[in-house]
Every structure is written in structure tokens, then in C-alpha cells.
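> One structure coming up, written as C-alpha cells, with questions to follow.
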Amino acid sequence: MTRKQALSQARQTLAENSIADASLEGELLLRHTLKISRVQLYLDLNRELSPGQEKTLRQLIKCRLKGEPSAYITGHREFHGLDFYVNPTVLIPRPESELLVEKAINLAQHRAIAAIAEIGTGCGAIAISLALNLPQTRIYATDISAPALKVAMRNARRHGVEDRICLLEGDMLAPLPEPVDLIIANLPYVREAELPPTGEPPLALNGGAEGLDKVYQFCHELSSKLHPRGSALLEIGQGQGEPVAALLGSLFPSARIEVTPDFSGIERVVSLLLTQG
Numbered sequence: 005m006t007r008k009q010a011l012s013q014a015r016q017t018l019a020e021n022s023i024a025d026a027s028l029e030g031e032l033l034l035r036h037t038l039k040i041s042r043v044q045l046y047l048d049l050n051r052e053l054s055p056g057q058e059k060t061l062r063q064l065i066k067c068r069l070k071g072e073p074s075a076y077i078t079g080h081r082e083f084h085g086l087d088f089y090v091n092p093t094v095l096i097p098r099p100e101s102e103l104l105v106e107k108a109i110n111l112a113q114h115r116a117i118a119a120i121a122e123i124g125t126g127c128g129a130i131a132i133s134l135a136l137n138l139p140q141t142r143i144y145a146t147d148i149s150a151p152a153l154k155v156a157m158r159n160a161r162r163h164g165v166e167d168r169i170c171l172l173e174g175d176m177l178a179p180l181p182e183p184v185d186l187i188i189a190n191l192p193y194v195r196e197a198e199l200p201p202t203g204e205p206p207l208a209l210n211g212g213a214e215g216l217d218k219v220y221q222f223c224h225e226l227s228s229k230l231h232p233r234g235s236a237l238l239e240i241g242q243g244q245g246e247p248v249a250a251l252l253g254s255l256f257p258s259a260r261i262e263v264t265p266d267f268s269g270i271e272r273v274v275s276l277l278l279t280q281g
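In terms of my numbering, the sequence shown is residues 5 to 281.
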């Protein structure tokens, strides 16, 4: 079987089993089987797979059909142009979360930001992306999950920023040793009744009955760890912009609060900018 035939079969099998993005996922599984880049795959589509490679590809497709996400199968996920190791102890980074990184970088161009904290870092994708783009900034990253922090450290070492990110275990903002200039959070915001069967850790997804338990906790803890002229960026789910902005407005009456949609037009990031101490 050639690479071209294997790619076609993988895509067809996934599509017939209602796997979203079957074309891309088939390619990812084949590339993982062959340990090659996308360019290498398409430059040599007529090369034959070995019997062992064919067997491996079939096994990977079976895992995907059983519901295991491709990112866990391959151990990789791209985020903000970088490759990150992921496993079932961490949430798989989503493209929409790149908006947090972009807004943080933009803020750093207009405000003095010496220290940033990311709450609920998971695999470390956001913190590491910021460390690479803002090399003069001190970065803290917290997570309640010790296994998740091990994944984050592995990724920090891979990208050469392990000396610039301080990983802290604990709940929400409690582990932070000092107030910072910018706090970023991508917390669980899925309603408990709507949790998808993704195989991802429920701890990273379950936001309670209305999806806002951790989000509201974060809002109430902000004042204790945010500098008087600091900022906060919080990822939210669909329909959560108004209640979250209202709560922040009541807690920080003089602050500027904005809600930014993602590329799909869904309200995705709430920004809090303190204007006075």
C-alpha cells in the first residue's frame, strides 16, 4: 500500500464513522505512523508502507474510532505556531485560546508588564507562548493538577523556557507569591450537564451547573493578586460574556471591561483593565 492509498483509506474510514475533520485527522495519524512532516508526506506519496507501518496505522485508526482524541494518540498539538506534548492529564489546547496570547502580547506593547500569571496552565501552551514572545517578562503558571504541571514542565524544557516560568501547584490564584501586572485564565466553563465525551480530564472542563463556578471564583480572587493598574484576560464560553462582565463591573467599578469574540464570532475573552489604584 502506498502512502497515497493509506491516506485515502484513513480519511474514508474516519469520514464513514462521522469523525469531524476526517481529512486532517487521517493525515495526522498517517504522519505520526511514519514519523514524517507534512512536506515529506506529500513529496513522496508513492512510497510503500511497510507491513509494520500498515498495522500501526490500523491500530491508531481503531483508537480514534473508539473516541480517543488524535492529540492524545499522537502526543502532539499545535498551538500558536508551536508544537506541544499532550496526554490525557491535560486539556487539549484549542485554536480559540490563541486569542488570549495575542491580546496579552498586544497589552504588553501598551502597558508596563513585568510579571504575568496564567491560572490553570494545563500543558503550559499559553504560558510558554508568552515566555517566547515576551522574553523580559517573569511568568507564573498555576494548576491544581500535579500531573498537568509535569506535562507543562516537559513542554517548557522542550521550548527552552523552563528557567523563565515558575510552575506552582494549587487552586486558582492561591499559589501566587506576589501581585502581578497581568493575570490570564482559561478555566473550566462547560456546564456540567453538557460535558462532552472527549476523553479529556473533567477537572479541566466542568464549570458546574451554569459553567461559571471557577470563573466567578477567579473574579472574586483577582483583587488580591493583581497590581492596582493591572489587567486580566479570561476565556469564556458562549453566552457567558454578559454575566461575567457584569460581575467584574461590580467588583471593579472604575475598570474598563471588554468582551472580544473569537474567529467564529462567539464571545471568547473578557478583558479587565484597571485604570486607577
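Built from N, CA and C at the ideal position, the CB exists for glycine as well. None of these values were measured; they are calculated from a predicted model.
For Tyr-46, report the span of its beta strand (DSSP E) as first-last.
Counting along the chain, Tyr-46 falls outside any beta strand (DSSP E), though it belongs to the alpha helix (DSSP H) covering 42 to 47.
> So Val-273 and Leu-11 are in contact, right, with Cβ under 8 Å, and what is the actual spacing, rounded?
Going by Cβ atoms, the distance from Val-273 to Leu-11 rounds to 36 Å, so no, they are not a contact pair.
> Closest to Gly-71 by C-alpha separation, out of Pro-200, Glu-52, Leu-186, would be which residue?
Nearest of Pro-200, Glu-52, Leu-186 to Gly-71, Cα basis: Pro-200.
> Ala-135: which of Met-176, Phe-256, Leu-86, Arg-98 sits nearest, CA to CA?
Checking every option, the nearest Cα to that of Ala-135 belongs to Leu-86.
> Confirm, please, whether the CB-CB distance from Glu-239 to Glu-106 is below 9 Å.
No, they are not a contact pair.
> Comparing C-alpha positions only, which one of Arg-162, Glu-173, Ala-197 sits nearest to Thr-125?
Nearest of Arg-162, Glu-173, Ala-197 to Thr-125, Cα basis: Glu-173.
> Considering only the alpha carbon of each residue, which of Pro-151, Ile-40, Gln-63 lies closest to Gly-128?
Gly-128 has its Cα closest to that of Pro-151, out of Pro-151, Ile-40, Gln-63.
> Excluding the 5 residues preceding and the 5 following Ala-213 in the sequence, name in chain order all residues of the same chain whose CB lies nearer than 7 Å to its CB.
Taken in chain order, the residues that qualify are Arg-195, Glu-196.
> Rounded to a whole number of angstroms, what is the C-alpha to C-alpha distance between Asn-91 and Asn-210?
About 18 Å.
> Suppose contacts are defined by Cβ-Cβ distances below 9 Å. Is Lys-8 in contact with Leu-69 by that definition?
The answer is no: Cβ separation not under 9 Å.
> Counting pairs of beta carbons, one from the segment 34 to 42 and one from the segment 50 to 64, are three or more of them closer than 8 Å?
Contact holds: three or more Cβ-Cβ distances are below 8 Å.
> What is the DSSP secondary structure of Glu-29, counted as helix, strand or coil?
DSSP places Glu-29 in helix when its eight states are reduced to three.
> Which residues mark the beginning and the end of the alpha helix (DSSP H) in which Tyr-220 is found?
Element bounds for Tyr-220: 217 to 229.
> Quick check on DSSP: helix, strand or coil for Leu-237?
In this structure, Leu-237 counts as strand in the three-state DSSP scheme.
> On the three-pair Cβ rule with 8 Å, is the segment 178 to 187 touching the segment 239 to 253?
No: fewer than three Cβ pairs fall under 8 Å.
> Name the DSSP beta bridge partners of Ile-123, please?
Note: Ile-123 sits in a beta bridge opposite Thr-146, Ala-189.
> In this structure, does DSSP put His-80 in helix, strand or coil?
His-80 falls in the strand class under three-state DSSP.
> From what residue to what residue does the alpha helix (DSSP H) around Glu-166 run?
Unbroken run through Glu-166: none, as it is neither H nor E.
> Just to confirm my understanding: we take Arg-233, look at its own chain, exclude 5 residues before and 5 after, and list those with CB closer than 6 Å. What are they?
Closer than 6 Å at the Cβ level, and outside the excluded window around Arg-233, lie Leu-278.
> Could you tell me the distance, in whole angstroms, from the CA atom of Glu-131 to the CA atom of Leu-53?
Contrary to the premise, residue 131 reads as Ala rather than Glu in this sequence. When rounded, the distance between both Cα atoms is 39 Å.
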